[in-house]
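Okay, so here's the structure we're looking at.
Numbering (our numbering), first residue to last: 190 to 514.
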């Protein structure tokens, strides 16, 4: 199955060019995709400056030598066609063809049911921290595969959502993971006033395949609101961050999982206390939002406000009148 740390360098670049020459549609989709840009992505580059390790290079430049900066061509290759489809010399790994209708190919094929399900993704999208031991979730930097196995969509392939069919063939653009409309459609939000001065936000995945957000510890949801008086001045602000919360504990190696409050197969309810400060006006307006954020660093992990935000996407928002009961 595909995996990081391939270290094939220029040989991978040369071989990848032969893929691109024949599979032109897939090559156009892959070019500029998050796979192809894996070692060039601005969010990754900022995070890598903070923690420049071979551990990171092994995934983001899998065809390079993780001990050193990859050559330009290897860096620009990123996760190439060959990284996923040429995992053993002399064969091209492909999804199992339905029935016996196996199309002819100009090169030897290794057709695999495991590759067409989750096996094609697990090797790179679930892994332990460098010093991780054992099998509990806290030892893993990414837990996407096991999240999928615990979800109602465990029987579905990753490609069903992340590689939709275009003209009958799987797309290799992987565009959905950063598409605002796609993200919104896959996270429903209900915002309402609860008891007294409590504002309740309920987040639901309509078709959960893994937790939202999944992936590394640099992705999170921000759920927040602001209470403003009639002049528009903010008199109360409350924010929560939903993520896998890791902490650095002095004297202990690695990062330690303190909490995980992401949106899984069940609804996630966030209650925000909006008791106005003493002397505040009795009426105003409540503005609320849910944002998907990527951060360059989480600091020590003890205070989400310390994180440096690299980018964010506004998923849902609204505004309602508010009066003190």
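Just so it is clear, CB atoms sit at the ideal spot from N, CA and C, and this is done for glycine as well. What you are looking at is a predicted structure, and each value in this text was computed from that prediction instead of being measured.
Query raised in the report: For residue 238, which three-state DSSP category applies?
Result: helix
Report task. Check whether the Cβ atoms of residue 482 and residue 410 sit closer than 9 Å, and answer yes or no. Result -> yes
Query raised in the report: With burial defined as no fewer than 16 other Cβ atoms inside 10 Å of the residue's Cβ, what is the status of residue 419: buried or exposed?
Result: Taking all protein chains in view, the Cβ of residue 419 is surrounded by fewer than 16 other Cβ atoms within 10 Å, so the residue is classified as exposed.
Query raised in the report: Would the segment 322-337 and the segment 378-390 be scored as touching if the rule is three or more Cβ pairs under 8 Å?
Result: no
**Report entry** C-alpha gap between residue 488 and residue 280, whole angstroms
**Finding:** 44 Å
Query raised in the report: Nearest-angstrom Cα distance between residue 439 and residue 497?
Result: 21 Å
Query raised in the report: Just to confirm, are residue 416 and residue 424 a CB contact at a threshold of 9 Å?
Result: Contact flag set, yes.
Query raised in the report: Shortest alpha-carbon distance to residue 248 belongs to which of 205, 224, 232 and 324?
Result: 224
Query raised in the report: If you compare alpha carbons, which of 222, 397, 230 and 464 is closest to residue 364?
Result: 222
Query - As assigned by DSSP and simplified to three states, the class of residue 388 - result: strand
Query raised in the report: What are the complete beta strand (DSSP E) segments, minimum 3 residues, inside the segment 261-322?
Result: 281-284, 298-301 and 315-317
Query - Spatially closest choice to residue 295 from 317, 212 and 349, by CA coordinates - result: Looking at the Cα atoms, 212 is the closest of the given residues.
Query raised in the report: Does the Cβ of residue 400 have 16 or more other Cβ atoms within 10 Å, making it buried, or fewer, making it exposed?
Result: buried
Query raised in the report: For residue 266, does the count of other Cβ atoms within 10 angstroms reach 16, so buried, or fall short, so exposed?
Result: buried
Query raised in the report: What is the rounded straight-line gap between the Cα of residue 413 and the Cα of residue 426?
Result: 8 Å
Requested in this report: Name the one or two DSSP bridge partners that residue 516 has.
Outcome: Residue 516 lies beyond the residue range present for the chain, which begins at 190 and ends at 514; the question has no answer from this structure.
Requested in this report: Helix, strand or coil for residue 248, going by three-state DSSP, please let me know.
Outcome: helix
Query - Own chain residues within Cβ distance below 6 Å of residue 571, not counting five before or after - result: No answer is possible for residue 571: the residues shown for the chain start at 190 and end at 514.
**Report entry** Extent of the continuous alpha helix (DSSP H) run through residue 211
**Finding:** 199-211 is the span of the alpha helix (DSSP H), which, as asked, contains residue 211.
**Report entry** Boundaries of the beta strand (DSSP E) in which residue 418 is found, first to last residue
**Finding:** 408-418
Query raised in the report: How long is the line joining the alpha carbons of residue 388 and residue 430, rounded to whole angstroms?
Result: 15 Å
Query - Under 9 Å between C-beta atoms of residue 408 and residue 458 - result: Here residue 408 is not near residue 458, since their CB atoms are 9 Å or more apart.
Requested in this report: Measure the alpha-carbon distance for residue 284 versus residue 297 and round it to whole angstroms.
Outcome: 13 Å
Query raised in the report: Got a sec, what are the start and stop residues for the alpha helix (DSSP H) residue 337 sits in?
Result: 333-338
Requested in this report: Please determine, among 251, 234, 275 and 450, the residue with the shortest C-alpha to C-alpha distance to residue 393.
Outcome: 450
Requested in this report: Answer with buried or exposed for residue 442, where buried requires no fewer than 16 other C-beta atoms within 10 angstroms of its C-beta.
Outcome: exposed
Requested in this report: Please state whether DSSP places residue 326 in a helix, a strand or coil.
Outcome: helix
Query raised in the report: Are the Cβ atoms of residue 406 and residue 504 separated by less than 9 Å?
Result: no
Requested in this report: Tell me whether the beta-carbon of residue 271 lies closer than 9 Å to the beta-carbon of residue 252.
Outcome: yes
Query raised in the report: From what residue to what residue does the beta strand (DSSP E) around residue 405 run?
Result: Per DSSP, residue 405 belongs to no beta strand (DSSP E) and is neither H nor E.
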